[in-house]
Amino acid sequence: MTDNTPQEDQTVTIVLLGDSGCGKSTFLSSLKTNPRRALDQRANAVDAQIHLLRDSDQPFLYDIRFSKKCFVIEAYDTASPNQHWSTLKPDVILLAFDISNRETLDGLRGWRNDITRYFQYGHGERIPIMMVGLKRDLRVEGERTIYPQESYRIAQELRCDRYAECSAVTGELLPETFEDIARLAGMTTTKAGGQTAGACVIL
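In full-length UniProt numbering, the protein residues as written are 1 to 203.
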C-alpha cells in the first residue's frame, strides 16, 4: 500500500457480499485502518487496534501499488446506506462467510445466485469472484467445524476464482488475503482480466 496517487482510470470497484454479522465490516476496517498490519505479518496484533469504519463513509478507498501497477480499490459492502449493492457495477466480487458459523457458509449459494441475477447477463463468467472465510481465529473443533478443504470445495462449486481465509482480529493470514485481493483487482485492469481459467485457486 502506498500514498502514490493512481490514475483516475485505474479504479477497481469491489463489492463484498455475505450474511449480516459474518465479519465484513471488521475485515474492511482492519485493512483500512491498519495498512502495516495488512501488509506485514510480523506486525504486533496487540498494538493494532481496529477502528471500525462507518457504513456512511462507503465506498472505502485503498490506494494500491502492486506488481508495478498503481490503482485504487473502491470497496462497498452490503451495509452501504448510500447505494444498494445491486445497483453497482463491480469489477471484482468477494463472497464472505464466518468460519465459525455454518449458516453463513450455506448462505453463499443465495448470494452467488444474486451475482448471476444482477451482474452476469448470460454471456459467460465476466466478473472475477473470490470467496473469503472470515473469523479464522474462531474455528473450533467439533461436528460443525468448517475446514479449509470443505470451503475450497464449495468455492469450486460456486465457480469462484479464488479462496482464502483470515482473521481480521489477530491478523492471521490477513496480509496474504489482502495481497491476493490486490492481485485479482490488478488483473482486472489488464486486457486478460482477472478470471482464473478453469479452476479455483486456494490461498
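Note that the Cβ used here is the ideal one computed from N, Cα and C, for glycine as well.
**Asked** Pairing CB atoms from the region 89 to 109 with CB atoms from the region 58 to 69, are three or more of them under 8 Å?
**Response** no
**Prompt:** For W111, which residues of its own chain have a beta-carbon under 7 Å away from its beta-carbon, when the five flanking residues on both sides are left out?
**Reply:** Residue mapping note: residue 111 aligns to position 111 of the sequence shown, counting from 1. Excluding residues within five positions, the ones whose Cβ falls inside 7 Å are L17, G18, L95.
**Item:** Proximity below 8 Å, CB of D91 to CB of T188
**Value:** If you number the sequence shown from 1, residue 91 lands on position 91. If you number the sequence shown from 1, residue 188 lands on position 188. Yes, they are a contact pair.
**Message:** Buried or exposed for S165, going by 16 or more other Cβ atoms inside 10 Å?
**Reply:** Here residue 165 corresponds to residue number 165 of the sequence shown, with the count starting at 1. According to the sequence displayed, residue 165 carries Glu and not Ser. Classification of E165: buried, given that the 10 Å Cβ count is 16 or more.
**Request:** Would you mind reading off the limits of the beta strand (DSSP E) that contains A164?
**Result:** As a working note, residue 164 is residue 164 in the sequence shown. It spans 162 to 165 - the beta strand (DSSP E) in which A164 sits, taken as one unbroken run.
**Asked** Enumerated in chain order, which unbroken segments of the alpha helix (DSSP H) with a length of 4 residues or greater are wholly contained in the region 83 to 167?
**Response** 102 to 106, 108 to 119, 148 to 157
**Where K89 falls, given that 16 or more other Cβ within 10 Å makes a residue buried** = For the purposes of this step, residue 89 is identified with residue 89 of the sequence shown, where counting begins at 1. Exposed.
**Prompt:** Alpha carbon to alpha carbon, what distance is there between T11 and I73?
**Reply:** Taking the sequence shown and counting its residues from 1, one reaches residue 73 at position 73. Taking the sequence shown and counting its residues from 1, one reaches residue 11 at position 11. Spanning the two alpha carbons is a distance of roughly 6 Å.
**Asked** For R109, which of I154, R144, G142 has the nearest alpha-carbon?
**Response** Position 109 of the sequence shown holds residue 109. The shortest Cα separation from R109 among I154, R144, G142 belongs to I154.
**Prompt:** Quick one: Cα of P175 to Cα of R117, how far?
**Reply:** Mapped onto the sequence shown, residue 175 falls at position 175. Mapped onto the sequence shown, residue 117 falls at position 117. Here the alpha carbon of P175 sits roughly 32 Å from the alpha carbon of R117.
**Request:** Give me the Cα-Cα distance between R37 and V15, rounded to the nearest whole angstrom.
**Result:** In the sequence shown, residue 37 corresponds to position 37, counting from 1. In the sequence shown, residue 15 corresponds to position 15, counting from 1. At R37 the pLDDT is 46, less than 50, meaning the model places this residue with poor confidence; the figure from the coordinates comes in the next sentence. If I take the Cα positions, the gap works out to 22 Å.
**Message:** Quick check: what's the CA-CA separation for S20 versus T190?
**Reply:** Translated into the one-based positions of the sequence shown, residue 20 becomes position 20. Translated into the one-based positions of the sequence shown, residue 190 becomes position 190. Each residue's alpha carbon lies about 33 Å from the other.
**Prompt:** Out of curiosity, what's the CA-to-CA distance linking S151 and D57?
**Reply:** On the sequence shown, residue 151 is found 151 positions in, with the first residue counted as 1. On the sequence shown, residue 57 is found 57 positions in, with the first residue counted as 1. The alpha-carbon atoms of S151 and D57 are separated by roughly 31 Å.
**Request:** Using DSSP bridges, identify the partner residues of R65.
**Result:** Position 65 of the sequence shown, counted from the first residue, corresponds to residue 65. Looking at the DSSP assignment, R65 forms a beta bridge with C70.
**Item:** Residues near L173 by beta carbon distance below 6 Å, same chain, minus five either side
**Value:** Position 173 of the sequence shown holds residue 173. Within the same chain, L173 has close Cβ partners C166.
**Item:** Collapsed DSSP secondary structure at R54 in the structure displayed
**Value:** Here residue 54 is taken as the residue at index 54 of the sequence shown, counted from 1. DSSP places R54 in coil when its eight states are reduced to three.
**Asked** Given that a residue counts as buried once 16 or more other Cβ atoms are within 10 Å of its Cβ, and exposed if not, what is G142?
**Response** Reading the sequence shown from its first residue, position 142 is the one you call residue 142. Exposed, since its Cβ has fewer than 16 Cβ neighbours within 10 Å.
**CA nearest to the CA of M131, picked from L184, G23, A79, D161** = Here the question's residue 131 lines up with position 131 in the sequence shown. The candidate whose alpha carbon is nearest that of M131 is D161.
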